[in-house]
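2 protein chains.
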Amino acid sequence: MPSEPLLVTSRFYVVEVDRPLADGSIRTRAVVRHPGAVTIVPMIDDDHVCLIRNFRVSVNQTLIELPAGTLEPPEPADQAAHRELVEETGYEAGAMQELHQFYLSPGILDEKMHLFLATDLKEVGAAREAGEEIENLIVPWQEAIELVESRRIQDAKTISGLLLYDRIRSRNS
Amino acid sequence: MPSEPLLVTSRFYVVEVDRPLADGSIRTRAVVRHPGAVTIVPMIDDDHVCLIRNFRVSVNQTLIELPAGTLEPPEPADQAAHRELVEETGYEAGAMQELHQFYLSPGILDEKMHLFLATDLKEVGAAREAGEEIENLIVPWQEAIELVESRRIQDAKTISGLLLYDRIRSRNS
Chain A
1380 MPSEPLLVTS
1390 RFYVVEVDRP
1400 LADGSIRTRA
1410 VVRHPGAVTI
1420 VPMIDDDHVC
1430 LIRNFRVSVN
1440 QTLIELPAGT
1450 LEPPEPADQA
1460 AHRELVEETG
1470 YEAGAMQELH
1480 QFYLSPGILD
1490 EKMHLFLATD
1500 LKEVGAAREA
1510 GEEIENLIVP
1520 WQEAIELVES
1530 RRIQDAKTIS
1540 GLLLYDRIRS
1550 RNS
Chain B
1380 MPSEPLLVTS
1390 RFYVVEVDRP
1400 LADGSIRTRA
1410 VVRHPGAVTI
1420 VPMIDDDHVC
1430 LIRNFRVSVN
1440 QTLIELPAGT
1450 LEPPEPADQA
1460 AHRELVEETG
1470 YEAGAMQELH
1480 QFYLSPGILD
1490 EKMHLFLATD
1500 LKEVGAAREA
1510 GEEIENLIVP
1520 WQEAIELVES
1530 RRIQDAKTIS
1540 GLLLYDRIRS
1550 RNS
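Following this line, the structure appears as structure tokens:
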């Protein structure tokens, strides 16, 4: 039976998990539980992607990222991707395709990120949440890749998302 | 002045951070503090990389990953990379080169990952910590990339590390 959480916050909670080991002993580890998240590669046209500049309280700096946000269960991931894309960038997507799924820090955190490609975009106006300090940064595709290679982009979901979609683009071109 | 942590565990702690907003209000958010980590692309030879299969308690499954581990401050990142590579895979690196740095989940977690390329490897025997359920998975480079593209690899640091180094390999070939 799961034990009581060690801590509950508005965005995650922390539990202790027991793992029986081969030698018969039990290892107990603290794990951060998270509802999961979505991140989106939003293509404004064939050659431009909409990144964001996002002030991050946890690291006290503005990072260049793909738009992203937390799942609101039981909301399906593709619906969350549509919602977060409009909220953060002001673009509504005509098509939303899942490209990949990955864990972010599985040593301590169960957060799973669903990566989507958004196309057929229409500008409808952003609806950023109170306190979100976000602005759009629309760049040519090759410039986005150069921001990764020059280490200006320092966010794992953004590096993964841009480089994964770059391989798909290369295969299709 | 920083307030008392909400929770302290052996591998991370949780604090509340205040952020003054443009409208004069203050947003308070819970943030997970972590000492940072290293991950390594260990090249056995020009065409083979040493991945690991790693059972992850947080997601209750075995993931295919690059070897990695937590910094033990004040230990420098490159020293941690040497230490973790031996502990997890049994390989000692003759050369360790930093390729990139990235945050893993900056919405809630300040963990920064340092990515290294390890070359000139020599087998000296693994020294896995009690409870680590890890085994080596040595594959040709192209197979590692295919494990990413087929979604068998579902770990952000591993996707980022393999695709970043693949671009460097392509440029140099």
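Protein chains in written order, with our numbering: chain A, 1380 to 1552; chain B, 1380 to 1552. Glycine included, every Cβ here is placed at the ideal spot set by N, Cα and C.
So, using beta-carbon positions, are residue 1441 of chain B and residue 1390 of chain B closer together than 8 angstroms?
-> The answer is no: Cβ separation not under 8 angstroms.
Once you ignore the five residues that flank residue 1538 of chain A on each side, which residues in its own chain have a CB closer than 8 angstroms to its CB?
-> Within the same chain, 1527 and 1532 come within 8 angstroms of residue 1538 of chain A by CB-CB distance, once the 5 residues on both sides are set aside.
Backbone CA spacing between residue 1524 of chain B and residue 1541 of chain B [nearest angstrom] | Roughly 7 angstroms separates the two Cα atoms.
Where residue 1504 of chain A meets chain B, residues with beta-carbon distance less than 7 angstroms | Result: empty, since nearest Cβ-Cβ is about 19 angstroms, beyond 7 angstroms.
Along chain A, which residues have their Cβ under 8 angstroms away from the Cβ of residue 1382 of chain B?
-> Residues of chain A passing the Cβ test: none, with the nearest at roughly 14 angstroms.
Just the C-alpha distance for residue 1459 of chain B and residue 1475 of chain B, rounded to the nearest angstrom, thanks.
-> Rounded to whole angstroms, residue 1459 of chain B to residue 1475 of chain B spans 11 angstroms at the Cα level.
Hey, residue 1472 of chain B and residue 1499 of chain B: beta-carbon distance below 8 angstroms or not?
-> With a cutoff of 8 angstroms on beta-carbon distance, residue 1472 of chain B and residue 1499 of chain B are scored as near each other.
With burial defined as no fewer than 16 other Cβ atoms inside 10 Å of the residue's Cβ, what is the status of residue 1418 of chain B: buried or exposed?
-> Taking all protein chains in view, the Cβ of residue 1418 of chain B is crowded by 16 or more other Cβ atoms within 10 Å, so the residue is classified as buried.
Short check: CB of residue 1396 of chain B to CB of residue 1410 of chain B, under 8 angstroms?
-> For residue 1396 of chain B and residue 1410 of chain B, yes; Cβs fall inside 8 angstroms.
Does DSSP put residue 1527 of chain B in a helix, a strand or coil?
-> In the three-state reduction of the DSSP assignment, residue 1527 of chain B falls in the helix class, which pools H, G and I.
Run the CB neighbour count on residue 1420 of chain A, radius 10 Å, all protein chains shown included, and call it buried at 16 or more, exposed below.
-> By the neighbour-count rule (16 or more Cβ atoms within 10 Å), residue 1420 of chain A is buried.
Using the C-alpha atoms, what's the distance from residue 1387 of chain A back to residue 1491 of chain A?
-> Spanning the alpha carbons of residue 1491 of chain A and residue 1387 of chain A requires a straight line of approximately 19 angstroms.
Spatial neighbours of residue 1399 of chain B in its chain, beta-carbon cut-off 7 angstroms, leaving aside the 5 residues before and after = The answer, listed in chain order, is 1405.
Given that residue 1481 of chain A touches chain B, what residues does it touch there, using C-beta distances under 7 angstroms?
-> Using a Cβ-Cβ cut-off of 7 angstroms, residue 1481 of chain A is close to 1533, 1534, 1535 and 1538 of chain B, given in chain order.
Using a threshold of 8 angstroms, state whether the C-beta atoms of residue 1463 of chain B and residue 1452 of chain B are closer than that.
-> Going by C-beta atoms, residue 1463 of chain B is not nearer than 8 angstroms to residue 1452 of chain B.
Find out if the Cβ-Cβ distance for the pair residue 1412 of chain A, residue 1392 of chain A is shorter than 8 angstroms.
-> Against a cut-off of 8 angstroms, the Cβ pair of residue 1392 of chain A and residue 1412 of chain A comes out as a contact.
Residues of its chain near residue 1456 of chain B, where Cβ-Cβ distance is below 6 angstroms and the 5 sequence neighbours each way are ignored | Here the set comprises 1417 and 1493.
Around the C-beta of residue 1382 of chain A, are 16 or more other C-beta atoms found within 10 angstroms, so that it is buried, or is it exposed?
-> With fewer than 16 other Cβ atoms inside 10 Å of its own Cβ, residue 1382 of chain A counts as exposed.
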